[in-house]
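Report on the following structure.
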Amino acid sequence: MSTYVLVAGDPGVAALVEAAVELGAPVTAVVVGDESLARAAAAPGVDRVVWLGAVGDHAVEAFAAAVAQQVAADPGVVLAGRKAGERALLGAVAATLAAPVVTAPLKIAAQQVTRSVAGGLATETRSYAGPVAIVLDGGAPLAGGGPAAVEPVAAQPAAVTVTGLRPNPAPPADLGSAERVVAVGRGLKAKQDLPIIEALAAALKAELACSRPVAEGLDWVARDRYVGVSGQQISPRLYLAVGISGQLQHMGGCRGSDLIVAINNDPEAPIVAQSDYVLTGDLYALAPALTAALA
Ligand SMILES: Cc1cc2nc3c(=O)[nH]c(=O)nc-3n(C[C@H](O)[C@H](O)[C@H](O)COP(=O)(O)OP(=O)(O)OC[C@H]3O[C@@H](n4cnc5c(N)ncnc54)[C@H](O)[C@@H]3O)c2cc1C
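Here the sequence shown is numbered in our numbering, starting from 6 and rising by one per residue.
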């Protein structure tokens, strides 16, 4: 049984190799990308490097069947990083192998994974008899220097072609490194009221975030800014939740904040018991007053 590390366009997988080595089985890096990437993947701890070729104008997940073929020959744990291409490829590989996918595990052992469930209220340990696909933080770039030779394999990518690539004018939100975050929820009545919250965030030099319905459904704030178990998980020094009820799925994304402050007009809202400080009242009065006080 081998452990596989997917390397798809990015050498930043040193933490995956480290995790793979700890599992004790031989480690195979399966590389989709330029030959220089395959050479970088031949790092200490890696026993084999299988190079499936350059991506060209294919989508990276077009190589899923070729990766799955490698894994099926000697099934085991398949590790991939969190970047979009790596996750897309891992998901397609898992589908091809009918393998389960685990994201953000707390601990992995050979054929056993422990993960957080119920928004962090419990941990669950699962055992797997067959291959399992696991998403982890990739870590630092690999730079070769190991004993493995690069083994080229002529892969037949599926007919998925990238026909257009347009840079996004706005850079993606970096909530994870923000010291202060002001998040808005459905207590806000209309999209045109958003400047009230943006002004408060600006006064606090904070990043703007939101609850899921504000991003998905209402579409008032970009989707990379919602906090929760299915969104961003962050732990800033200050998390100011404005008009957010504090459901389990939301708090799972901000519970680790040093200080949680809520503005809510319902003294019984679940967020009240989960906050360090609460301003009880109408956000339309309290948020501008706070902004003015901070000016
Ligand atoms: C599988 C699953 C995954 C989910 N993942 C997430 C996730 O990752 N992130 C997430 O956020 N949600 C997630 N949800 C949704 C979650 O369960 C809640 O529905 C959501 O968080 C509620 O958003 P909210 O607090 O903005 O809205 P509401 O629950 O509607 O709360 C609005 C709050 O605003 C207050 N309010 C109203 N008017 C005012 C006012 N004028 N002034 C002050 N306060 C006011 C109300 O008292 C209330 O507490 C998920 C749900 C499911 C089923």
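Where a beta carbon is used, it is the ideal one built from N, C-alpha and C, also for glycine.
Just to confirm before moving on: does the CB-CB distance between residue i and residue j stay below 8 angstroms?
i      : j      : result
Arg230 : Glu184 : no
Val98  : Val107 : no
Ile239 : Gly181 : yes
Leu245 : Val167 : no
Arg260 : Glu156 : no
Val36  : Ala43  : yes
Leu209 : Ile202 : no
Ala48  : Val22  : yes
Leu141 : Ala20  : yes
Gly144 : Val18  : yes
Leu57  : Thr8   : no
Ala274 : Leu205 : no
Val232 : Trp225 : no
Leu94  : Val72  : yes
Val189 : Val137 : no
Tell me the DSSP bridge mates of residue i?
i      : result
Pro157 : Trp56
Ile139 : Leu84, Val107
Asn269 : Thr285
Thr128 : Ser121
Arg185 : Leu243
Arg35  : According to the sequence displayed, residue 35 carries Val and not Arg. BP columns for Val35 point to Leu11, Val55.
Ala89  : Bridge partners of Ala89: none, in fact.
Leu170 : DSSP output for Leu170 lists no bridge partner at all.
Ile113 : Val118
Leu264 : Leu243
His63  : Thr166
Between which residues of its own chain and residue i is the CB-CB distance below 7 angstroms, once the five residues before and five after are set aside?
i      : result
Val234 : Gly124, Gln254, Gly257, Gly258
Gly286 : Asn270
Gly96  : Val106
Ala276 : A small correction: the amino acid at residue 276 is Ile; Ala does not occupy that position in the sequence shown. Taken in chain order, the residues that qualify are Ala246, Ile249, Ser250, Gly251, Ala267, Asn269.
Arg294 : Note that residue 294 corresponds to Ala in the displayed sequence, not to Arg. Hits under 7 angstroms: none found.
Asp79  : Met6, Ser7
Lys112 : Thr119
Gly236 : Arg217, Gly258
Gly149 : Arg44, Ala45, Ala47, Ala48
Thr101 : Ala69, Ala70, Ala73
I'd like the list of long-range same chain contacts for residue i, defined as Cβ closer than 8 angstroms, with 5 residues on each side in sequence excluded.
i      : result
Ser381 : The first residue shown for the chain is 6 and the last is 300, placing residue 381 beyond what the model contains.
Val165 : His63, Ala64, Glu66, Ala67
Ala159 : Gly58
Arg87  : Val140, Leu141, Asp142, Gly143
Leaving out the 5 sequence neighbours to the left and right, which residues in its chain are closer than 6 angstroms to residue i when beta-carbon positions are compared?
i      : result
Arg131 : Val118
Ala34  : Val10, Val12, Ala46, Val51, Val54
Tyr133 : Gln116
Leu284 : Ile268, Leu291
>> Which complete beta strand (DSSP E) runs does the region 187-247 hold, if anything under 3 residues is left out?
In response: 212-215, 243-247
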